[in-house]
Amino acid sequence: MSSTDYLSSLQELHFDNRYTRDLPADPISENYTRQVADICYSPVEPLKTPNPSLVSYSQDAADLLNLSSQTCEANEFLQTFSGNQLLDDMNPYATRYGGHQFGNWAGQLGDGRAINLGEISNQTGERWALQLKGSGPTPYSRRADGLAVLRSSVREYLCSEAMHYLGVPTTRALSLMTTGNKVVRDMFYDGNPQEELGAVVCRLAPSFTRFGHFQIHGSRGETDLLKQLIDFTIVNDFPHLGEPSAETYLAWYQEICDTTAEMIVQWMRVGFVHGVMNTDNMSILGLTIDYGPYGWLEDFDPTWTPNTTDAEGKRYCFGNQPEIAQWNLAQLGNALMPIIDNLEAVQNAYDSYQYRFQSRWREMMSEKLGFDNLNTETDPQLFDQLLSLLTEAETDMTIFFRNLAKVEVENTDFLTQDCEIPAELMDSYYQQEQLNDEYKGKLFFWLNAYQQRIKQDSSSAEQRSQKMDSVNPKYVLRNYLAQLAIDKAELGDNSMVNELLELLRNPYDEQPEQEQFAEKRPEWARVKAGCSMLSCSS
Ligand code: AMP
Ligand code: MG
109 MSSTDYLSSL
119 QELHFDNRYT
129 RDLPADPISE
139 NYTRQVADIC
149 YSPVEPLKTP
159 NPSLVSYSQD
169 AADLLNLSSQ
179 TCEANEFLQT
189 FSGNQLLDDM
199 NPYATRYGGH
209 QFGNWAGQLG
219 DGRAINLGEI
229 SNQTGERWAL
239 QLKGSGPTPY
249 SRRADGLAVL
259 RSSVREYLCS
269 EAMHYLGVPT
279 TRALSLMTTG
289 NKVVRDMFYD
299 GNPQEELGAV
309 VCRLAPSFTR
319 FGHFQIHGSR
329 GETDLLKQLI
339 DFTIVNDFPH
349 LGEPSAETYL
359 AWYQEICDTT
369 AEMIVQWMRV
379 GFVHGVMNTD
389 NMSILGLTID
399 YGPYGWLEDF
409 DPTWTPNTTD
419 AEGKRYCFGN
429 QPEIAQWNLA
439 QLGNALMPII
449 DNLEAVQNAY
459 DSYQYRFQSR
469 WREMMSEKLG
479 FDNLNTETDP
489 QLFDQLLSLL
499 TEAETDMTIF
509 FRNLAKVEVE
519 NTDFLTQDCE
529 IPAELMDSYY
539 QQEQLNDEYK
549 GKLFFWLNAY
559 QQRIKQDSSS
569 AEQRSQKMDS
579 VNPKYVLRNY
589 LAQLAIDKAE
599 LGDNSMVNEL
609 LELLRNPYDE
619 QPEQEQFAEK
629 RPEWARVKAG
639 CSMLSCSS
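Each residue of the sequence shown is one higher than the one before, counting from 109 in my numbering.
Put into structure tokens, the structure is as follows:
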């Protein structure tokens, strides 16, 4: 973007606040925790912050709003996106939604600590809703304080942007600020409350509407309001579907099934575990939303979940994500029934998710392995064998796929007696003693099958490795890296937050001077809080 496209100040932002203009507002203006009925949102202002300080902003996200670095570094930006000051056309509010948490209907949830500021229409006509997270209580705060701590805000901020650069659909993060508030949190719910630094993230999305926004109206029998919100969503967020009608409703639900499938395929590609896939954390646009106790797979373990609250049931572990997304889609379908009123058609769309997911997942795997095209007859077996192999010795998923592209597969005889594990792959193992003869036998068997498969393709080795490098990231936000950045930021040193943001802008590039960030998790991080275990406390 050339500097001439930048606005000269925040005052020039163009707001077009459709949510508050077109949907019914809570008539009660007092801000206290309560059950709210028959409306979509409650007007509420962000809490003033005593001593805001800018930790980081994302220039690429700022570009979406036509904001220059000069504007982002000015005091007005700090005051605005920490919640201290409203721009003239902002119209702050918290939305009402419900949701299923860990499989059970939880009733009203809502924006308990997210405050929407309004919707921007940028210079290219895109809509970007702005939302502060951690800026004080709302009618939906239940028993909590509406605040967020620096630790979880660094994680939300960095991961939103990292996911975007990886090509995973996600909400974006514009800025991260500390507030000067002290916030008390009992991080592991074990009777050890501590004071932590308060923080606010400003996040961006074309829309923050979640499955739970429809569920709350469905569950409360608010059929007219349910229809109003569906029509509003189709007109504003799915304009390509045309005027709302019986057919449009079905096409809309189908599209949600499709985009959700795509989002999950992308999570599985990069090894992302959301950690809290409740229906209130599912975006209607198929965006990754609400970065809480998420984690990145280090050793490839499909049963792994970073969320300590989920340690027993592992409902939201890596391998369950595809199925849970479908379960969530079923809950959305149920909620929409009073309006769609065509069980068979909804069922068909819901069923299509599984086929869609599976065919896209296979295509994605064939790209990770660098094939010219997916061979639907024989490739799935190769994928299954590989994934099983990855669980047999503790193997770093990111390093394994990235380095597989470097192995000279074509010219190696994997079936000779004295074959050794290629050095590139050795980097991916956490416990050398697991690499026994049995394991090696399976690995060589698989590498040999991979070699035979590659020979069917016309791409050269170089073309294959280039293709693989464009879908197998070198750099991801490893759990321990985020924690190191947090540890520094908590001491007032924001350098690593900014360093990681810069690193993760180009996750598929080699960046030779940054090798240390591509290394596997160090041993000390295996059991350290924040690195391998996270709670919902944030
Ligand atoms: P989550 O598990 O973060 O998706 O949050 C579930 C619900 O709890 C949502 O309605 C959140 O807005 C709300 N919530 C989470 N943390 C807080 C907090 N510190 N203050 C107020 N509400 C919160
Ligand atoms: Mg949430």
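Backbone N, C-alpha and C fix where the C-beta goes; we use that ideal spot for every residue, glycine too.
Taking C-alpha atoms, which residue in 398, 383 and 401 lies nearest to residue 428? The shortest C-alpha separation from residue 428 is found at 383.
What do you get for residue 246, buried or exposed, if any count of 16 or more other CB atoms within 10 angstroms of its CB means buried? So residue 246 counts as buried.
Own chain residues within Cβ distance below 7 Å of residue 494, not counting five before or after: If we look at residue 494 and ignore the five residues flanking it on each side, its Cβ neighbours are 554.
Looking only at its own chain, which residues have a Cβ that is under 6 Å from the Cβ of residue 575, when we skip the five neighbours before and after it? If we look at residue 575 and ignore the five residues flanking it on each side, its Cβ neighbours are 478.
Straight-line CA distance for residue 111 to residue 400? Any reading at residue 111 needs caution, since the residue's pLDDT is 48, under 50, leaving its predicted position unreliable; the model's value is listed next. Rounded to the nearest angstrom, the two C-alpha atoms are 35 Å apart.
What is the DSSP secondary structure of residue 341, counted as helix, strand or coil? The three-state reading of DSSP puts residue 341 in helix, counting H, G and I together.
Tell me whether the region 403-417 and the region 495-508 touch, counting them as touching only if at least three CB pairs, one residue from each stretch, are closer than 8 Å. Remark: three or more beta-carbon pairs, one from each stretch, lie closer than 8 Å, so the region 403-417 and the region 495-508 are flagged as touching.
With a CB to CB cut of under 7 Å and the five nearest residues on each side skipped, what residues in its chain are close to residue 249? In chain order, 141, 220 and 221 place their CB closer than 7 Å to the CB of residue 249, counting only its own chain and leaving out the 5 sequence neighbours on each side.
Quick one: any contact between the region 377-396 and the region 267-281, if contact means 3 or more CB pairs under 8 Å? Contact between the region 377-396 and the region 267-281 is present, because at least three Cβ pairs lie under 8 Å.
Span of the alpha helix (DSSP H) holding residue 424? Segment: none, residue 424 is in no alpha helix (DSSP H) and carries neither H nor E.
Count the other C-beta atoms from every protein chain shown that fall within 10 angstroms of the C-beta of residue 206, then say buried if there are 16 or more, exposed otherwise. Buried.
Mark residue 297 as exposed unless 16 or more other C-beta atoms lie within 10 angstroms of its C-beta, in which case mark it buried. Around the beta carbon of residue 297, fewer than 16 other beta carbons sit within 10 angstroms, so the residue counts as exposed.
CB residue 126 to CB residue 227, shorter than 8 Å? Cβ atoms of residue 126 and residue 227: closer than 8 Å.
When you compare only the Cα positions, how much space is there between residue 139 and residue 154? Straight-line Cα distance between these residues: approximately 11 Å.
Is residue 347 buried or exposed, if buried means 16 or more other CB atoms sit within 10 Å of its CB? That one is exposed.
Contact test: residue 250 Cβ vs the ligand AMP heavy atom, cutoff 7 Å: Yes, since a heavy atom of the ligand AMP falls inside the 7 Å radius drawn around the Cβ of residue 250.
Span separating the alpha-carbon of residue 352 from that of residue 394: Distance between the alpha carbons of residue 352 and residue 394 is about 20 Å.
The region 539-553 touching the region 448-461, judged by at least three CB pairs closer than 8 Å: No, because fewer than three Cβ pairs between the region 539-553 and the region 448-461 fall closer than 8 Å, the two stretches do not touch.
Indicate whether the contact test is met: 3 or more Cβ pairs, each with one atom in the region 294-308 and one in the region 249-261, closer than 8 Å. With contact defined as three or more Cβ pairs closer than 8 Å, the region 294-308 and the region 249-261 are in contact.
Going by DSSP, which residues form a beta bridge with residue 212? Its beta-bridge partners are 209.
Straight-line gap, residue 130 to residue 344 (C-alpha atoms, nearest Å): If you take the alpha carbons of residue 130 and residue 344, they lie about 11 Å apart.
Across which residues does DSSP place residue 302 in a beta bridge pair? Answer is 293.
Just checking my contact of residue 316 with residue 252 at CB under 8 Å: how many whole Å lie between their CB atoms? Incorrect: roughly 19 Å between the Cβ atoms, too far for contact.
Just to confirm, is the Cβ distance from residue 480 to residue 567 under 8 Å? The answer is yes: Cβ separation under 8 Å.
Closest residue to residue 283 among 123, 452, 113 and 165 (Cα-Cα distance): Nearest to residue 283 by alpha-carbon distance, out of 123, 452, 113 and 165, is 165.
For residue 511, does the count of other Cβ atoms within 10 angstroms reach 16, so buried, or fall short, so exposed? Residue environment for residue 511: buried (at least 16 other C-beta atoms within 10 angstroms of its C-beta).
Please find out if some non-hydrogen atom of the ligand MG comes closer than 7 Å to the beta-carbon of residue 199. No, the Cβ of residue 199 stays beyond 7 Å of every heavy atom of the ligand MG.
Residue 501 versus residue 359: straight-line alpha-carbon distance, rounded: Whole-angstrom Cα-Cα distance: 44 Å.
Tell me which same chain residues have a C-beta within less than 8 Å of the C-beta of residue 325, skipping the five on either side of it? Result list for residue 325: 331, 333, 334, 337 and 443, in chain order.
In the region 201-283, which residue ranges form an unbroken alpha helix (DSSP H) of at least 4 residues, counting only runs that do not cross its ends? Whole alpha helix (DSSP H) segments, 4+ residues: 258-274.
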